[in-house]
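Written below as structure tokens is the structure these notes are about.
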């Protein structure tokens with residue numbers, strides 16, 4: 244029984260149980276002089292125990308406070324709400340062409356009201372019905388590449404995405420939008436930044452922090468603005484387009500190698516690290532915030548370098564970290580480790596012998612900082628110099644996640660450690676910034 | 244030879260080598276019509292190759308640009324600059340008493356000009372000579388507990404520090420200042436927050452991002468303000484007192500469980516996470532920023548709980564993380580693991596069997612988020628619910644470093660996993676904030 248009333252608890256579940264209704268049923272709630280009719284919705288979040296949520300006929304969800312005199316009746320077994328969009332608007336011939344590639348995540352999903360499961364919904368027709376204004380911006384081609392929550396995305400999926408983007412550009416698209424779960428979106432953005440070089444147009448990753456069923460969903464604005472960027476932005480880079488603030492008006496466009504999810508739940512969770520965002524999208528305008536970008540050029544011939552090594556680990560240092568973990572990775576055939584050290588790039592001195600050992604055995608070891616902001620500098624303190632002497636590569640101002648992705652990509656390009664070191668420290672897609680006077684203070 | 248000219252390279256080392264001088268020598272540099280005399284200093288940072296740095300008689304360092312017509316002469320073997328402070332000022336009897344405990348790090352060190360090594364200098368007499376205004380704020384008792392760069396600090400050092408603080412409060416001190424390297428200062432601040440309960444006065448961790456030899460050093464302001472806080476602040480908590488901005492006027496005071504080093508090199512590297520700082524110190528004023536703090540009360544009887552378990556690991560999830568690492572920790576006798584998951588508290592679904600296995604074998608597993616800001620919520624998506632079902636503990640709004648320290652402390656208090664789980668989720672020192680409306684968006 245309880246499974247059928249997903250997410251409800253306390254007073255709410257008591258009231259529901261007594262009435263024999265199930266999620267997805269059409270119900271009537273009578274409370275004092277109020278009557279509400281609609282489909283009983285599941286509750287997902289750490290919801291309170293006092294409200295029952297129904298979807299009204301007009302499509303809005305409301306929460307009805309449970310009270311002692313509440314009456315709940317089942318009006319009918321709710322058909323699984325079918326999704327029958329209007330016929331898609333005619334594609335307007337003068338508009339740019341944009342591919343939208345679905346990979347899963349909250350933005351590309353809608354809740355199955357009966358099971359509470361989340362399903363992708365991503366034909367072009369579906370998209371036009373959810374966000375009809377897309378047809379005024381671009382001629383959209385939509386495809387579901389796969390349907391994964393982003394924590395399940397692996398290096399092989401990065402490869403698939405890169406190949407899909409390359410295919411769409413070869414077909415003459417002006418830009419490509421990738422719908423992606425937000426959890427590891429920044430990792431994927433970095434991966435595609437390395438795998439897709441010399442792009443003719445933008446590749447825009449977009450997601451949502453709130454599903455489109457919720458009134459506060461950010462899905463629609465993010466998607467519209469992502470398509471705007473893909474259609475018309477002057478740059479040709481891999482970027483992330485997400486809410487800029489807690490208001491629902493502006494999105495920021497972040498460089499794929501310099502962006503990070505910095506909040507678990509806020510709609511403006513994504514932030515550019517060390518640099519300002521490339522652009523903002525406000526109403527119908529793309530406002531550039533920098534002159535430092537790669538220009539869109541339809542004649543650019545894309546270089547596809549989609550190979551990644553899946554034997555790379557990111558190891559975060561903490562007080563007392565057991566150095567044996569490095570040797571365990573060595574024994575498992577790993578090729579590279581990014582250490583997430585403290586401050587300017589430090590780890591406990593007691594770890595030096597293990598590090599020396601794994602490097603001697605062919606592992607590539609790089610150092611990023613758990614501070615996230617700022618730059619590695621392993622010339623200031625003895626431990627930094629010692630680490631460099633045994634061969635640890637200081638990874639400049641790449642933050643740990645980008646550094647991890649880059650090492651995975653580098654070791655997908657070459658098995659030669661010396662070549663890999665050189666490539667690690669070569670700026671490919673803005674992941675290594677020029678030193679600024681500011682840092683030298 | 245080169246060892247004697249630490250840090251020099253390029254044109255600078257060529258010029259120095261020709262003259263036969265060594266670090267620490269008193270030298271004269273003649274260049275065009277300019278003459279500079281002073282002690283030849285080593286260079287540590289990613290220095291350029293064009294300047295020679297000498298310490299002038301007035302104590303300032305200058306960099307002299309190497310040019311073709313430069314002439315360098317040795318005037319004498321520089322005595323290792325001895326440190327002969329004036330006699331300490333008389334302690335003023337009406338002032339509060341503050342203990343300053345040195346543990347190492349940049350703040351408590353000065354460079355040995357001859358070897359380039361960094362030594363602690365921390366008798367009360369030394370302190371008064373470096374920062375004479377301390378004698379107007381408090382009667383200072385200084386002690387060197389140990390001299391470690393903070394990346395080498397282990398759980399046993401947290402215990403020693405906690406015991407030292409307890410000793411000083413039992414002697415009637417009004418507050419205790421701990422000088423500490425900045426790299427892991429936030430971990431130690433969290434550790435002491437759990438180990439020192441019911442404090443009678445403040446425990447203030449302080450450090451510096453630039454050594455006191457550098458004109459831009461933050462050591463002096465941070466230390467003065469830390470002593471002010473220890474002497475007179477109205478709260479009795481473990482806090483971190485560090486620069487508030489890039490200017491040299493204000494320090495922020497952060498709660499020990501809610502602070503993080505967020506920049507590798509900036510003087511204002513420390514930030515309060517999720518909450519505002521407790522206070523700022525501006526000129527002679529401690530400005531409280533919240534009413535939510537534990538009040539100073541000399542009658543409070545400190546509860547010392549200094550035990551930590553050193554068999555706890557922090558494991559950061561990244562795309563494709565090998566789940567075998569969890570079982571490796573199990574095989575090494577570990578008692579607990581904090582997972583640093585993505586978003587609301589997720590990891591790849593493929594890791595579930597390993598997690599189930601280590602929990603079945605008695606490991607305590609908790610979940611924090613690599614987003615850093617925000618709160619874990621494992622009720623929204625299937626993977627979160629699955630993880631909770633196998634026993635993973637959602638660690639609320641503790642960020643990963645504090646969560647790791649807390650688990651180390653919790654497993655130092657009890658070996659019973661159920662009791663440990665309960666203690667993990669009990670707010671001890673402000674590490675778990677109340678939920679706010681804001682988060683529910």
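Chains as they are written, first to last, in the numbering used here: chain W, 244 to 684; chain V, 244 to 684. Each residue gets a CB set at the ideal place from its N, CA and C atoms; glycine is no exception. It should be emphasised that the depicted structure is a prediction, and the values quoted were computed from it without experimental measurement.
Could you please give me the residues that DSSP links to residue i through a beta bridge?
i	result
residue 552 of chain W	None, per the DSSP bridge assignment.
residue 440 of chain W	W:546
residue 534 of chain W	For residue 534 of chain W, which the question treats as bridged, DSSP gives no partner whatsoever.
residue 610 of chain V	V:582, V:637
residue 273 of chain W	W:278, W:314
residue 621 of chain W	In the DSSP output, where bridge partners are listed per residue, residue 621 of chain W has none listed.
residue 486 of chain W	W:494
residue 616 of chain W	V:506
residue 513 of chain V	V:504
Taking the beta carbon of residue i as the centre, do at least 16 other beta carbons fall within 10 Å, making it buried, or is it exposed?
i	result
residue 213 of chain W	No information on residue 213 of chain W is available, as it lies outside the stretch 244 to 684 that chain W covers here.
residue 546 of chain W	exposed
residue 426 of chain V	buried
residue 322 of chain V	Since pLDDT at residue 322 of chain V reaches only 49, below the 50 mark, its modelled position is unreliable, and the value read off the structure follows with that caveat. Per the 10 Å Cβ criterion, exposed.
residue 624 of chain V	buried
residue 487 of chain V	buried
residue 459 of chain V	exposed
residue 314 of chain V	exposed
residue 253 of chain V	exposed
residue 357 of chain V	Only weak support is given to the placement of residue 357 of chain V: the predicted model assigns it a pLDDT of 40, under 50, and the value that follows is read from those uncertain coordinates. It is buried - the Cβ of residue 357 of chain V has at least 16 other Cβ atoms within 10 Å.
residue 514 of chain W	buried
residue 593 of chain V	exposed
residue 465 of chain V	buried
residue 360 of chain V	Bear in mind that a pLDDT of 48 at residue 360 of chain V, under 50, signals an unreliable position, so the model cannot answer this.
residue 257 of chain V	exposed
residue 637 of chain V	buried
residue 292 of chain W	exposed
residue 259 of chain V	buried
residue 541 of chain W	exposed
residue 503 of chain W	buried
Assuming residue i contacts residue j (C-beta within less than 8 Å), just tell me the rounded distance between them.
i	j	result
residue 672 of chain V	residue 418 of chain V	17 Å between Cβ atoms; not a contact.
residue 472 of chain V	residue 518 of chain V	No, residue 472 of chain V and residue 518 of chain V are not in contact; Cβ-Cβ is about 17 Å, not under 8 Å.
residue 295 of chain V	residue 309 of chain V	6 Å
residue 350 of chain W	residue 450 of chain W	5 Å
residue 467 of chain V	residue 377 of chain V	7 Å
residue 399 of chain V	residue 626 of chain W	Actually they do not touch by this definition, with Cβ atoms about 19 Å apart.
residue 762 of chain V	residue 338 of chain V	There is no way to answer for residue 762 of chain V, as the model of chain V reaches only from 244 to 684.
Let me check understanding here. Comparing Cα to Cα, which of the options lies closest to residue i?
i	options	result
residue 597 of chain W	W:268, W:617, W:275, W:572	W:572
residue 639 of chain V	V:678, V:602, V:313, V:608	V:678
residue 646 of chain V	V:390, V:657, V:675, V:486	V:675
residue 667 of chain V	V:375, V:272, V:649, V:266	V:649
residue 397 of chain W	W:606, W:549, W:566	W:549
residue 607 of chain W	W:261, W:579, W:574	W:579
residue 658 of chain V	V:552, V:275, V:400	V:552
residue 441 of chain V	V:404, V:480, V:420, V:464	V:480
residue 563 of chain W	V:577, V:565, V:561	V:577
residue 543 of chain W	W:266, W:416, W:506, W:651	W:416
residue 583 of chain V	V:635, V:602, V:575	V:635
residue 494 of chain V	V:484, V:503, V:384	V:484
residue 522 of chain V	V:306, V:665, V:476, V:375	V:476
residue 611 of chain V	W:507, W:274, W:270, W:291	W:507
residue 273 of chain W	W:311, W:621, W:601	W:311
residue 489 of chain V	V:444, V:461, V:478, V:263	V:461
residue 630 of chain V	V:614, V:373, V:271, V:588	V:588
Members of the stretch 409-427 of chain V that neighbour chain W once the beta carbon cut-off is set at 7 Å: Residues passing the 7 Å Cβ filter: 425, 426, 427.
To be precise: take each residue of the stretch 481-495 of chain W, compare its Cβ to all Cβ atoms of chain V, and keep it if any distance is under 9 Å. Which residues remain? 489
Along the stretch 365-379 of chain V, where does the CB come closer than 8 Å to a CB of chain W? Name the residues. none
Name, going along the chain, the residues of the stretch 512-542 of chain V whose beta-carbon falls closer than 9 Å to a beta-carbon of chain W. 512
Interfacial residues, the stretch 382-398 of chain V to chain W, with Cβ spacing under 7 Å: Only 392, 394, 395, 396, 397, 398 from the stretch 382-398 of chain V bring a Cβ to less than 7 Å from some Cβ of chain W.
Residues of the stretch 551-566 of chain W in Cβ contact with chain V at a cutoff of 8 Å, in chain order, please. 553, 556, 557, 558, 559, 560, 561, 562, 563, 564, 565
Residues in the stretch 430-443 of chain W having any Cβ partner in chain V nearer than 7 Å: Hits within the stretch, in order: 430.
Contacting positions in the stretch 642-676 of chain V - beta carbon closer than 9 Å to chain W: Going along the stretch 642-676 of chain V in chain order, one finds 643, 644, 647, 648, 651 with a Cβ nearer than 9 Å to chain W.
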